[in-house]
Structure formats: C-alpha cells, structure tokens
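What follows is the structure in structure tokens.
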C-alpha cells in the first residue's frame with residue numbers, strides 16, 4: 007500500500023521535473039552574466055537591465071522581432087476570431103452530410119503538419135505573384151488559427167438554446183442587432199478561448215512564418231532566435247526574455263482559471 | 096368578439112418534398128384563446144412559426160387586421176412568441192431580459208421601469224428582477240419568458256408548447272395562471288400543444304390538426320362531444336370507436352345490436368363510425384332496462400372512477416368508466432342513451448388505389464406489379480383498384496411482401512384494429528386486422544389477385 011503510494015508520488019514528481027526543468031534552467035541562468043548557457047558566473051540582474059535598456063549587441067533586432075511577433079499575433083488572432091465565429095455559425099446551421107463534410111475540412115488544417123502548410127502557402131503566394139512580407143505572414147497565420155476558433159465556438163452554439171436568436175428577432179431586433187446583442191455575448195466565452203489559442207499559436211509559430219515572410223528581412227521572435235542560434239550561441243538576453251514570457255503566460259492562466267472557478271461557484 | 100384579427104388562407108408548406116401543411120384555412124377572432132392541437136409532426140408548430148415570421152409559406156397568405164404578413168420580417172411583426180424551452184437570454188438578468196424589446200424601441204427608461212415592474216407583478220415574480228436567469232426554476236423561467244413577450248403589448252401572443260417542459264403539478268398551476276392572464280390582458284392567444292387535456296382546459300376554440308390538415312375547429316365542448324371523425328375522437332379523450340351501420344334516421348346498428356340515436360341525414364343502411372365515451376356507457380348488475388351484456392375483463396381504479404374493459408357477448412371489447420367497481424369475471428349489463436352516441440361519416444369504406452393496367456393479368460400500383468383479373472381493360476388503362484380493408488395481408492418480414500410500409504396510425508375498433516400504413520411509394524393503405532402491431536412497425540404488404548377489383552378511373556387530365 008505504502009510502497010504503491012510512494013511510487014505514484016515519485017512518478018508524478020519525475021514527470022513534473024522533466025516538464026519544468028528546462029524552463030527552470032533558463033529562469034535560473036537568466037540571473038547570471040555568462041555569455042554561454044550553463045556557466046554560472048555569480049548572481050546578477052544585468053541581463054534584465056540590458057534587455058530593458060536595449061544596451062546589448064543585436065538589441066534592435068530582438069526588440070523589433072518581439073514587436074513584430076506581437077503585432078502579427080494580435081492582428082491574425084482578431085481576424086481569425088471574427089472569421090472563425092462567422093464560420094461556426096454557418097456550420098451550425100448546416101445539416102447532415104454537408105455539415106460533416108465542412109467540419110472535416112475544418113479539421114484538416116489542424117492535423118496538417120506546419121511544414122506542409124508553410125510550403126504550400128509559400129508556393130501559392132509565389133504563384134499569385136504576391137510580394138511576401140507582413141501581409142502574407144498575417145494571412146498565413148489567419149489560415150491556421152481560424153479552425154481553432156471554429157472548434158472553440160461550435161460547442162457554445164450547441165449548448166445555446168436554438169430559439170434565442172429567433173427570440174431576439176421576435177422582440178424587435180434586426181438580424182444585426184440580434185447578432186450583436188444576443189449571439190455574440192452568448193458565444194463570447196468560446197470566442198475568447200479561440201482568440202487566446204490563436205494568439206499563442208501565432209506567437210510561437212516558426213515553420214509557416216519562415217516560409218511566408220519573404221526576403222524583406224521580416225523577423226519574428228522564432229525566426230530571430232533561429233538565425234541567432236545559427237550565428238553561434240544565443241544572445242544571452244533571450245534568457246530573461248523567455249523567463250518573462252513564461253511568467254506572463256502563467257499569470258494569465260492563473261487569472262482565467264480563478265475567474266472560471268469563481269463563476270462556476272456563483273452558478274452553483 | 097366576432098372581428099377577425101388573423102386570417103389564414105390556402106396556406107401550404109413542404110419541407111424537401113414532404114408536405115407538412117396543405118391548404119390551411121383559418122381565422123382567429125380578436126381576443127380569443129385559440130389552440131392548435133395535434134400529435135407531433137402534424138404541422139402545428141410550422142404554422143405558428145409562419146405566423147411569427149420564422150418561416151415563409153410556399154403558398155397562401157396570412158393577414159393581421161387585413162394587412163398581409165408574409166414577407167414582413169419577424170422583427171417588424173407586432174406579435175410576440177413564448178418559446179417551448181423559454182429561450183431567455185442567459186447573459187442578461189431578469190430585468191434586462193424583459194426590457195430587451197422595450198429598449199430596442201427606444202422607450203424612455205422610466206417608462207421601461209414602470210412596464211417591467213407591472214409585468215413582473217402580473218407573473219408574480221416581483222422580487223426577482225436582479226436575478227440571473229440561470230438561477231431560476233423551469234416554472235419561474237417560463238413566467239419570465241411570458242413577461243418578456245407581453246411587456247411589448249403584442250397584438251397576438253404566440254405560445255409554442257410553453258408548459259411542455261414543466262412537471263405535472265406546475266403545469267396545472269400555470270394553466271390556471273395563463274387563463275387568468277389571458278382574461279386580464281385581453282390579448283389574442285394562439286397556443287400550440289399536443290396535450291389534449293391542456294387544450295380542453297384553456298381554449299375558447301380548438302383547431303385539431305393531423306398530417307398537415309385541419310381535422311376539426313370548434314369549442315372544447317364541440318370537439319369532445321361531437322368529433323367529426325375517428326382521428327379526433329381517438330385523439331381527444333378516451334373513446335370507444337366502432338364500425339356501425341346507419342339503418343335509418345335515429346337508428347344505428349353496432350356490436351350486434353340496434354340502438355336509438357339522435358343523428359339523421361346519413362341515408363339508409365350506410366356504413367358509419369360511432370363514438371361512445373367510456374363514461375357514457377351505463378353498467379349494471381341487473382339486466383332490466385339494459386341493451387346488451389358482457390363479462391368484465393379488467394378493472395382499474397383511476398382516482399375518482401374505475402376504468403373497466405368488458406367483453407360483450409358478441410365479442411366486442413368496450414372501455415367503460417363508472418364510480419362503482421365491477422370485478423373481473425363478473426357478468427354485467429350495459430345501456431347507452433341515444434344522445435351519447437356520436438355518429439360520424441366514414442372517411443372511406445375501402446382502399447381505392449390509383450393503378451395502371453400492365454401486361455395481361457397484372458396492374459401497376461403502390462410502385463409494384465400486382466396480379467389480378469384485368470378482364471375488360473387493356474394495357475395502359477388508368478384504373479382504380481378497390482381492396483377491402485380486411486383483404487390486405489401484413490407480413491412480419493417486410494421482404495415477404497410485394498411492397499412494404501410503416502404502420503403510421505392505429506385505431507382500435509372494439510373487435511379489430513384499423514391501421515393506416517404509409518407505403519414505400521408514399522401512398523396510404525388502410526388495413527383491418529386482428530393482429531397487434533406497433534406504431535412505426537415495418538411490414539410487408541400482400542394482396543391476393545382475387546381481392547382486387549378494378550374500376551375505370553374518371554378521366555380528368
């Protein structure tokens with residue numbers, strides 16, 4: 007009995023260590039000045055200081071890569087959320103075979119390896135003589151984010167009372183008013199989770215971005231790090247940056263979980 | 096009371112080739128409580144949705160106070176709907192749900208306030224305005240749904256099975272409240288339900304529907320006491336429906352006996368159906384003054400009365416309700432008063448199936464070739480094939496029949512079942528049988544050659 011319990015605990019502990027050790031490793035070594043990862047040269051916050059002051063080699067490249075990443079992620083996930091919600095409403099109102107077929111088509115881009123999405127979009131843009139840059143990266147991100155929004159909004163539609171849209175019309179709302187005042191508020195939780203998912207997907211995408219950014223020198227965080235690593239060794243300031251991104255995500259996650267638990271409690 | 100508020104003329108609707116409403120004509124008087132009653136799939140909800148504007152008719156017109164409604168989008172119709180599962184807005188509280196329509200009309204907020212409070216009082220939910228709608232019980236949600244509709248002062252209130260999701264006790268209470276509300280508000284109510292008891296309790300007028308057609312329109316009393324056909328008789332309340340022969344005016348014969356009745360004008364020796372309500376059969380232990388006798392088969396206590404099944408000496412089963420219990424096995428004697436016998440014209444006396452004469456000795460009908468004597472006809476002739484109800488054979492195995500179909504309606508007629516079969520070809524065949532079948536059973540259909548009688552079809556095309 008006792009042995010079983012200890013083994014079970016140990017198992018969990020090992021899994022957690024394997025999962026979090028790399029992040030912990032980066033976080034610890036963000037507090038030392040050493041150029042190469044793994045050398046501890048004493049506690050220091052100078053990497054954080056140089057990250058924020060911009061006093062580092064290659065600093066403009068890193069800062070603009072972070073900015074590009076954020077802007078692309080924001081625009082792509084806003085567009086994907088709108089498109090995905092509209093698509094979900096459309097799919098919800100289909101019936102039978104058509105519905106199954108469209109849902110199947112929606113699932114393919116999610117299963118499709120990023121590298122294939124990237125290369126095929128690259129070929130498409132070349133074929134259409136689209137000059138590649140910001141716009142093509144955003145378009146590409148929208149294509150792989152939209153299915154996730156659809157997937158998050160559809161269950162909300164299924165949970166929704168099918169008559170509430172009609173009820174709004176019945177009470178004198180025009181179709182647009184009904185959409186704005188009833189449908190969107192009811193679907194909002196699904197739209198928000200679809201948006202967050204899109205945002206994170208866009209944030210850490212490498213393969214698709216790499217193939218669609220063209221040759222104008224557009225760098226996002228992932229392509230910047232890739233190029234940086236090939237040049238020989240990562241810029242040390244990436245360590246505090248990674249640590250901070252991890253912390254921001256952690257805080258956001260905690261915030262949403264606490265809020266959800268609270269809402270659940272209120273309903274019960 | 097006699098002014099029409101809604102007129103419906105020649106209304107038809109099909110969904111993917113299947114007709115759900117055919118040529119509906121109906122008017123609704125201002126201020127009345129009218130109920131569309133029928134089994135599921137009879138077209139009642141479709142009709143309500145067309146009045147509300149959620150569906151367009153294929154043909155026909157709907158007018159409100161003389162103005163055409165077809166083509167007017169739902170948000171411009173001065174009507175409001177109470178939906179079956181409430182359809183309250185989950186992101187709004189009780190107050191904002193009710194105020195939704197008024198805010199869209201840009202009514203000043205102090206008037207909105209006044210009106211919302213007034214309807215909340217009307218539905219006895221005064222202290223609930225800040226509550227989240229998810230925290231309310233089913234009955235409370237339904238009250239809010241009603242309040243949300245009537246606060247807009249609609250010309251007509253449409254109610255789509257509003258009480259169907261409530262438990263029995265709550266349903267009964269709400270029925271009384273709805274009736275009370277209707278009286279207070281003076282708004283015309285169009286109510287849809289499949290619950291005949293609810294319809295009888297609430298309505299000024301009942302419209303009984305089946306398979307997309309209106310069967311009967313009348314007051315609850317008319318519908319109950321004088322059903323026009325066996326469907327209405329069977330659907331409304333309990334009844335004994337029997338084959339009978341109208342011997343002459345005021346005299347009808349059934350279950351092997353002649354009875355006096357009050358009906359006239361059917362002709363002489365005409366096959367008819369009769370309906371006798373189980374509470375209208377008098378049951379005695381002594382024979383004096385009774386008309387026929389039988390043996391009690393079963394006796395069940397139903398709260399106020401006992402419900403008994405009695406086999407008559409002639410072999411007919413009758414349902415009888417009485418305040419006294421008679422034990423199974425007991426010999427009893429029965430009496431039916433003339434005014435309690437409702438005589439109805441038979442909708443049909445045999446199957447009349449359109450057919451085409453094929454190669455020698457065959458005809459084509461119900462999508463298959465049947466053998467029969469085609470003497471006097473030549474190939475290609477359009478004919479009508481007559482087949483008696485009891486000459487249609489049903490098979491358990493649908494493969495064993497020439498064609499197959501589904502049992503769509505079952506009527507017990509005292510000593511046999513009268514089934515309506517919807518065939519593969521989309522036609523209907525009626526069958527008399529002693530065997531027990533269930534609704535929706537898939538059956539094979541056979542007809543022997545000697546049981547088909549051909550008649551020349553009247554040319555009209």
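Residue numbers (our numbering), protein chains in the order written: chain A, 7 to 274; chain B, 96 to 556.
Backbone N, C-alpha and C fix where the C-beta goes; we use that ideal spot for every residue, glycine too.
From a predicted model like this one, the values you see are computed outputs, not experimental measurements.
Extent of the continuous beta strand (DSSP E) to which residue i belongs
{"i": "residue 541/B", "result": "537-542"}
{"i": "residue 366/B", "result": "365-371"}
{"i": "residue 498/B", "result": "498-507"}
{"i": "residue 99/B", "result": "99-110"}
{"i": "residue 478/B", "result": "477-482"}
{"i": "residue 343/B", "result": "335-343"}
{"i": "residue 448/B", "result": "446-452"}
{"i": "residue 181/B", "result": "Where residue 181/B is concerned, there is no enclosing beta strand (DSSP E), given that its DSSP letter is neither H nor E."}
{"i": "residue 418/B", "result": "No beta strand (DSSP E) holds residue 418/B; DSSP gives it neither H nor E."}
{"i": "residue 201/B", "result": "Per DSSP, residue 201/B belongs to no beta strand (DSSP E) and is neither H nor E."}
{"i": "residue 296/B", "result": "Note, residue 296/B: premise wrong, no beta strand (DSSP E); alpha helix (DSSP H) at 291-297."}
{"i": "residue 130/B", "result": "128-132"}
{"i": "residue 24/A", "result": "Unbroken run through residue 24/A is the alpha helix (DSSP H), 8-35; no beta strand (DSSP E)."}
{"i": "residue 120/A", "result": "Per DSSP, residue 120/A belongs to no beta strand (DSSP E); it is in the alpha helix (DSSP H), 120-133."}
{"i": "residue 120/B", "result": "113-124"}
Identified DSSP bridge partners for residue i
{"i": "residue 379/B", "result": "428/B"}
{"i": "residue 308/B", "result": "305/B"}
{"i": "residue 396/B", "result": "401/B"}
{"i": "residue 50/B", "result": "There is no way to answer for residue 50/B, as the model of chain B reaches only from 96 to 556."}
{"i": "residue 437/B", "result": "370/B"}
{"i": "residue 465/B", "result": "458/B"}
{"i": "residue 159/B", "result": "101/B and 162/B"}
{"i": "residue 142/A", "result": "According to DSSP, which records beta bridges pairwise, residue 142/A is partnered with nothing at all."}
{"i": "residue 188/B", "result": "227/B"}
{"i": "residue 276/A", "result": "Shown here, chain A extends from 7 to 274; a query on residue 276/A therefore has no answer."}
{"i": "residue 175/B", "result": "252/B"}
{"i": "residue 387/B", "result": "429/B"}
{"i": "residue 489/B", "result": "540/B"}
Host alpha helix (DSSP H) of residue i (start-end)
{"i": "residue 275/B", "result": "263-280"}
{"i": "residue 187/A", "result": "Per DSSP, residue 187/A belongs to no alpha helix (DSSP H) and is neither H nor E."}
{"i": "residue 172/A", "result": "170-176"}
{"i": "residue 316/B", "result": "315-320"}
{"i": "residue 348/B", "result": "Note, residue 348/B: premise wrong, no alpha helix (DSSP H); beta strand (DSSP E) at 346-349."}
{"i": "residue 329/B", "result": "325-330"}
Buried versus exposed call for residue i [16 or more other C-beta atoms within 10 Å across all chains shown]
{"i": "residue 556/B", "result": "Low local confidence applies: a pLDDT of 43 at residue 556/B is under 50, so the model's placement there is unreliable, with the coordinate-based value given in what follows. The residue in question, residue 556/B, is exposed, as its Cβ has fewer than 16 Cβ neighbours within 10 Å."}
{"i": "residue 222/A", "result": "exposed"}
{"i": "residue 509/B", "result": "buried"}
{"i": "residue 176/A", "result": "buried"}
{"i": "residue 169/A", "result": "buried"}
{"i": "residue 100/B", "result": "buried"}
{"i": "residue 96/B", "result": "Since pLDDT at residue 96/B reaches only 44, below the 50 mark, its modelled position is unreliable, and the value read off the structure follows with that caveat. Exposed, since its Cβ has fewer than 16 Cβ neighbours within 10 Å."}
{"i": "residue 336/B", "result": "buried"}
{"i": "residue 439/B", "result": "buried"}
{"i": "residue 338/B", "result": "buried"}
{"i": "residue 364/B", "result": "exposed"}
{"i": "residue 14/A", "result": "exposed"}
{"i": "residue 443/B", "result": "exposed"}
{"i": "residue 381/B", "result": "exposed"}
{"i": "residue 276/A", "result": "The structure shown does not extend to residue 276/A, since chain A is modelled only from 7 through 274, so no value can be given for it."}
{"i": "residue 244/A", "result": "buried"}
{"i": "residue 152/B", "result": "buried"}
{"i": "residue 393/B", "result": "exposed"}
Which residues, taken in chain order from the stretch 480-497 of chain B, show a beta carbon closer than 7 angstroms to some beta carbon of chain A?
none
Give me the subset of the stretch 175-192 of chain B whose CB atoms are less than 9 angstroms from a CB atom of chain A, sorted by chain position.
175, 176, 178, 179, 180, 181, 182, 183, 184, 185, 186 and 187
For the stretch 217-266 of chain B, list the beta strand (DSSP E) runs that are entirely contained and at least 3 residues long, ordered along the chain.
251-255
Counting only Cβ-Cβ distances shorter than 7 angstroms, please list the residues of the stretch 160-182 of chain A near chain B, keeping chain order.
167, 169, 170, 172, 173, 175, 176, 177, 178, 179 and 180
Selection of the stretch 279-296 of chain B by Cβ proximity to chain A, strictly under 9 angstroms:
none
Taking only beta carbons into account, state which residues of the stretch 145-174 of chain B come closer than 7 angstroms to chain A, listed in chain order.
147, 149, 169 and 170
Contact list for the stretch 98-124 of chain A against chain B, Cβ threshold 7 angstroms:
none
Chain A contacts from the stretch 423-456 of chain B (Cβ-Cβ distance under 7 angstroms):
none
Anything in the stretch 227-240 of chain B with a Cβ closer than 7 angstroms to a Cβ of chain A? List those residues in chain order, please.
229
Output, in sequence order along the chain, the residues in the stretch 251-267 of chain B whose CB is closer than 9 angstroms to any CB in chain A.
253 and 255
Could you name the residues of the stretch 195-215 of chain B whose beta carbon sits closer than 7 angstroms to any beta carbon of chain A, in the order they occur along the chain?
195, 196, 199 and 200
For the stretch 186-213 of chain A, which residues have a beta carbon sitting closer than 9 angstroms to at least one beta carbon of chain B?
187, 188, 191, 192 and 194
Ranges of the alpha helix (DSSP H) found wholly within the stretch 62-90 of chain A, counting only runs of at least 4:
none
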